[in-house]
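Line by line, the protein sequences are chains A and B. Note that the numbering used here has the first sequence beginning at 17, numbered continuously upward. Note that the numbering used here has the second sequence beginning at 17, numbered continuously upward. Even glycine gets a Cβ: it sits at the ideal position worked out from N, Cα and C. These notes are about the structure you will find just below.
2 protein chains.
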Amino acid sequence: MPNSKKRYAFIVSDRTGLTAEAMAHSLLSQFPEIDFKTETFTFVDTAAKAGELVKRCHSIRSSTGHSPLVFLTMVNEELRSQFKRAEVEVFDLFDTFIGPMEQRLGIKSSHTIGRSHGVTDEKAYTSRIAAVHFALQTDDGMDIEHYRQADLIIVGVSRCGKTPTSLYLSLHYGLYVSNYPLTDHELEQKRLPEALQEFKEKLFGLTIDPFRLLQIRQQRFAESNYSTAATCQREIAQAEALFRSHQLPWLNTTRMSVEEIGAMVVNRTKSIRGVRV
Amino acid sequence: MPNSKKRYAFIVSDRTGLTAEAMAHSLLSQFPEIDFKTETFTFVDTAAKAGELVKRCHSIRSSTGHSPLVFLTMVNEELRSQFKRAEVEVFDLFDTFIGPMEQRLGIKSSHTIGRSHGVTDEKAYTSRIAAVHFALQTDDGMDIEHYRQADLIIVGVSRCGKTPTSLYLSLHYGLYVSNYPLTDHELEQKRLPEALQEFKEKLFGLTIDPFRLLQIRQQRFAESNYSTAATCQREIAQAEALFRSHQLPWLNTTRMSVEEIGAMVVNRTKSIRGVRV
Numbered sequence: 017m018p019n020s021k022k023r024y025a026f027i028v029s030d031r032t033g034l035t036a037e038a039m040a041h042s043l044l045s046q047f048p049e050i051d052f053k054t055e056t057f058t059f060v061d062t063a064a065k066a067g068e069l070v071k072r073c074h075s076i077r078s079s080t081g082h083s084p085l086v087f088l089t090m091v092n093e094e095l096r097s098q099f100k101r102a103e104v105e106v107f108d109l110f111d112t113f114i115g116p117m118e119q120r121l122g123i124k125s126s127h128t129i130g131r132s133h134g135v136t137d138e139k140a141y142t143s144r145i146a147a148v149h150f151a152l153q154t155d156d157g158m159d160i161e162h163y164r165q166a167d168l169i170i171v172g173v174s175r176c177g178k179t180p181t182s183l184y185l186s187l188h189y190g191l192y193v194s195n196y197p198l199t200d201h202e203l204e205q206k207r208l209p210e211a212l213q214e215f216k217e218k219l220f221g222l223t224i225d226p227f228r229l230l231q232i233r234q235q236r237f238a239e240s241n242y243s244t245a246a247t248c249q250r251e252i253a254q255a256e257a258l259f260r261s262h263q264l265p266w267l268n269t270t271r272m273s274v275e276e277i278g279a280m281v282v283n284r285t286k287s288i289r290g291v292r293v
Numbered sequence: 017m018p019n020s021k022k023r024y025a026f027i028v029s030d031r032t033g034l035t036a037e038a039m040a041h042s043l044l045s046q047f048p049e050i051d052f053k054t055e056t057f058t059f060v061d062t063a064a065k066a067g068e069l070v071k072r073c074h075s076i077r078s079s080t081g082h083s084p085l086v087f088l089t090m091v092n093e094e095l096r097s098q099f100k101r102a103e104v105e106v107f108d109l110f111d112t113f114i115g116p117m118e119q120r121l122g123i124k125s126s127h128t129i130g131r132s133h134g135v136t137d138e139k140a141y142t143s144r145i146a147a148v149h150f151a152l153q154t155d156d157g158m159d160i161e162h163y164r165q166a167d168l169i170i171v172g173v174s175r176c177g178k179t180p181t182s183l184y185l186s187l188h189y190g191l192y193v194s195n196y197p198l199t200d201h202e203l204e205q206k207r208l209p210e211a212l213q214e215f216k217e218k219l220f221g222l223t224i225d226p227f228r229l230l231q232i233r234q235q236r237f238a239e240s241n242y243s244t245a246a247t248c249q250r251e252i253a254q255a256e257a258l259f260r261s262h263q264l265p266w267l268n269t270t271r272m273s274v275e276e277i278g279a280m281v282v283n284r285t286k287s288i289r290g291v292r293v
């Protein structure tokens, strides 16, 4: 019965669903044998919308024999209980912890909706947006005269992931992150590019498996000299040698997501240099 | 006793801590009377690191009378139990659900570490990176000849949040998102700019409170005509009139975070046009 390992999972939130999605994916990934068909429902904030979903759960149960696993984050008691009353298989990601927290803190929770992704601190928010603009302005070696303002300068060869990493760090952590490409010519010199020498303590190197780099480069510039195995191998070896000789913190990003790279850069940066996040 | 409402909260993860952080902030925001001092500890993956944290919990309890609330996401049983044995106040965000899930699914979980933010699907990952490059390439009205490839084109006046929204949608959802600024001149015309007319079904409008826009613009170009109350008010009124007359989906972003704007755009887009995410 190949189909017996296929299950539905619904992620249901009264707001953006971002937290619920992250949690649910983390939990579901612990059951790799099962082929989950997941669907996210956001802004489920009325009894009608909740009722619609309960109906879908029942109809899936009728046709497959299994109710979907429902991962809920909802503040409204009444909406939550619509699911529970209906004998749907609910994992209440939120309410499960609110009770024990109330007990330990000795006060009642406010039961207000979706505070976590809203703009609670306007200053912090504005500075995240400013950080994104800074990252764009100083992307790919542009506007090096602003490096004094940077919290971090990501360095690495072309297409190793510098731009998405810089943007993620600015969007998520509000850091001022520039990035600077190590080009063929500069790598041949075997020394830090002029523009970076003054800012050694802000540098963070990214590297990647040469074969993965080759794949990425070939997708864009199949015919170029830049996309040969030999070039990729040489550039990566030279970049890593440079990181080592200057004792820069660096990271191999092969098979890491932007989120992981970002968290790891911040983790290392905090312990190495105490940048505030 | 003003200090009695101050409490420590530790977020402890064996990986990036992103999921744990989102959940913990969502839970803590339900207790607005308490001034939580939160700290996140990522990549806590050895007994030594866990032991260090347990010690800190005990020392905080000695000095404040309260143990920190510890929000854990850890796959390793042994590390988790270091906290539990030490009588620290643990909220186990992960393990709390694994048991009930095993029961309902009828199989054991794999207990493998941090799958959720890793690159599990290389194709999906590469396409997110490609989406970021597309968003950069078609930022702020550039490269309009690529609009045929776009999933969405964000439109709005200058500094209303188009760029961060486009980047977030591309990074998080892998959507191909362009953005196009509605300029003074185009707004006066009271019709859709030439470049957009062919792609009406891909347009999504952003607007913002004129006073908030004024603040943002003044931070950058204090002296310009562009940063007067009258200009902001007129531009926003004209942009909203344009959205209405063309029946574009649109959103007022005042006081919304990029995450909320992103989730809401996707939510509306799904239901309106069935873009696949």
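| Asked | Found |
| --- | --- |
| In chain order, what residues of the same chain lie with their CB nearer than 6 Å to the CB of Leu230 (chain A), ignoring the 5 residues before and after it? | Ala245 and Cys248 |
| Nearest to Asp30 (chain A) by CA position, among A:Gln165, A:Thr56 and A:Ile50, is which residue? | A:Thr56 |
| Does Phe227 (chain A) get closer than 8 Å to chain B when you measure Cβ to Cβ? | no |
| Just checking, does the region 191 to 199 of chain B make contact with the region 161 to 169 of chain B on the three C-beta pairs under 8 Å criterion? | yes |
| Going by the CB atoms, is the gap between Leu203 (chain B) and Glu251 (chain B) shorter than 8 Å? | yes |
| Below 8 Å on the Cβ atoms is my contact criterion, and I expect Met117 (chain B) with Leu43 (chain A) to pass it. Report the Cβ-Cβ distance as a whole number of Å. | 6 Å |
| What's the C-alpha gap between Gln119 (chain A) and Ala63 (chain A)? | 29 Å |
| Give the range of the alpha helix (DSSP H) segment to which Thr112 (chain A) is assigned. | Asp111 to Leu121 |
| Hey, out of A:Phe87, A:Ala102 and A:Phe52, whose CA is closest to Lys71 (chain A)'s CA? | A:Ala102 |
| Val281 (chain A) CB to nearest chain B CB: under 8 Å? | no |
| Can you pull the chain B residues whose beta carbon is under 7 Å from the beta carbon of His262 (chain A), in chain order? | Neighbours of His262 (chain A) on chain B: none; closest Cβ ~24 Å, over 7 Å. |
| Which residues, in order along the region 62 to 78 of chain B, keep a beta-carbon less than 8 Å from a beta-carbon of chain A? | none |
| Here's a check: name, in chain order, each residue in its chain whose Cβ is nearer than 6 Å to the Cβ of Pro95 (chain B), leaving out the five neighbours to either side. | Note that residue 95 (chain B) corresponds to Leu in the displayed sequence, not to Pro. Closer than 6 Å at the Cβ level, and outside the excluded window around Leu95 (chain B), lie Ala66. |
| Taking C-beta to C-beta, are Thr181 (chain A) and Val274 (chain A) nearer than 8 Å? | yes |
| Assuming contact is defined by CB atoms lying nearer than 8 Å, are Thr269 (chain B) and Ile277 (chain B) in contact in what I supplied? | yes |
| So what does DSSP say about Tyr184 (chain B), is it helix, strand or coil? | helix |
| Which bits of chain A does Ala238 (chain B) rub up against, with CB to CB less than 8 Å? | Going along chain A, no residue has its Cβ under 8 Å from Ala238 (chain B), so there is no contact; the nearest lies around 15 Å. |
| For chain A, find out if any of its Cβ atoms is closer than 8 Å to the Cβ of Tyr184 (chain B); answer yes or no. | yes |
| Would you identify the three-state DSSP class for Tyr192 (chain B), choosing helix, strand or coil? | coil |
| Please check if any C-beta of chain A sits within less than 8 Å of the C-beta of Phe59 (chain B). | yes |
| List, from N- to C-terminal side, the beta strand (DSSP E) runs of 3 residues or more that fit wholly inside the region 216 to 280 of chain A. | 219 to 223 and 266 to 268 |
| Answer yes or no: do Ala25 (chain A) and Phe110 (chain A) have a C-beta to C-beta separation smaller than 8 Å? | no |
| Taking the alpha-carbon of Phe215 (chain B) as reference, which of B:Glu161, B:Phe227 and B:Ser45 has the nearest alpha-carbon? | B:Glu161 |
| What does the alpha-carbon distance come out to for the pair His41 (chain A) and Trp266 (chain B)? | 30 Å |
| With 16 other CB atoms within 10 Å as the buried threshold, where does Lys178 (chain B) fall? | buried |
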